[in-house]
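Undergrad: Structure below; questions to follow.
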Amino acid sequence: MHVITMDAVVRTETWFPRRFADAEERPWGVLFSTPEIPDSHDGNHACILRSDVDHRAVVTEIVAFYEERQVTPRVYYLSASASDPRLVDALFASGFMVGHPNTMRVFVHQDRSVAEPSPAVHVRCLRDIDDRVLAALATIENVRMAKVLQRRLAHPDAWLFLGEIDGQPASVALLERFGEICRVDEVHTVKRHRRRGCARAVIHALVAYQEEHASGSLYLWTESPVAEQIYVEAGFRGAEYSPASWVAWREG
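Quick note: to get the working numbering, add 461 to the position in the sequence shown (first position is 1).
Pasting the structure below:
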């Protein structure tokens, strides 16, 4: 089994938006943009990947790029080390709000799933999304999430697991493969179906499919103790590392 290092997680988390967003690389990092879905944060943000830069000039460049596209300027920070105070100062000086450090933990799949899925939840694996499924997915979270999932499933190394109760969408999770690493994302459950085993059934099915068809090592992020319990039952174990991460944005 391929070992998932912190550097591998940082690299995958930084570049996964290329699957569905335009990516303009610059000497200092990358600018992701998705004009068709301007309210997608993952599809519209910058990552500053070098510290030996003029941070104020870079931030000015980021602001100009997104304001030209009439999108909120946003910066994601994700690294194995703490952020450079010069970057934070440059963001504040340009009117950005800097969010608190994320408390999300990395979980790596290591053991077989012992989850007991509810027989009331029927799970389907989807390789594409038509308009009917798009509308159904929008009821789980929102239209933005549904549109992003539709774009991500256009890649051959993407699988969507949809849990249904009585034929109605209840829970969803996305599996993507990036070389020797697989990533779980967009785990959502309709509010009225929470605590009914929907996410447990979907994650159990995702893990089983990945082990048989997708190969590679599997990981995910979470900051929810309730979700952690589900993931542990499915064979995930908390990693010993946790990259530093936060988000900054500028309104108006």
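Note that CB positions come from ideal geometry on N, CA and C, so glycine has one too.
Closest to S685 by CA distance: which of A709, H649, F481 is it?
TA: The candidate whose alpha carbon is nearest that of S685 is H649.
Undergrad: Give the straight-line distance between the Cα atoms of D627 and A596, rounded to the nearest whole angstrom.
TA: Spanning the two alpha carbons is a distance of roughly 17 Å.
Undergrad: Please report the residue range of the alpha helix (DSSP H) in which H516 lies.
TA: Element bounds for H516: 516-529.
Undergrad: Apply the 10 Å Cβ neighbour rule to M606 and answer buried if 16 or more other Cβ atoms are within range, or exposed otherwise.
TA: By the neighbour-count rule (16 or more Cβ atoms within 10 Å), M606 is buried.
Undergrad: Can you give me the C-alpha to C-alpha distance between V464 and E486, rounded to a whole angstrom?
TA: Each residue's alpha carbon lies about 28 Å from the other.
Undergrad: So, with DSSP's three-state summary, where would you put Q629?
TA: The answer is strand: DSSP assigns Q629 an E or B state.
Undergrad: Would you list the one or two residues that DSSP bridges to D646?
TA: Its beta-bridge partners are L635.
Undergrad: Tell me H506's beta-bridge partners as DSSP assigns them.
TA: H506 is bridged to F493.
Undergrad: Quick check on the DSSP output: the beta strand (DSSP E) that includes T683 runs from which residue to which?
TA: 678-683 is the extent of the beta strand (DSSP E) around T683.
Undergrad: Roughly how many angstroms separate the alpha carbons of V708 and Y537, rounded to a whole number?
TA: Looking at the two C-alpha atoms, the distance is approximately 5 Å.
Undergrad: Leaving out five residues on either side along the sequence, give the residues of the same chain with a beta carbon under 6 Å from the beta carbon of R517.
TA: Result list for R517: A551, in chain order.
Undergrad: Relative to the C-alpha of A482, which residue among L614, D515, S540 is closest?
TA: The candidate whose alpha carbon is nearest that of A482 is L614.
Undergrad: Is it the case that the stretch 562-575 contacts the stretch 689-700, given that we only count it when at least three CB pairs across the two stretches are under 8 Å?
TA: Contact between the stretch 689-700 and the stretch 562-575 is present, because at least three Cβ pairs lie under 8 Å.
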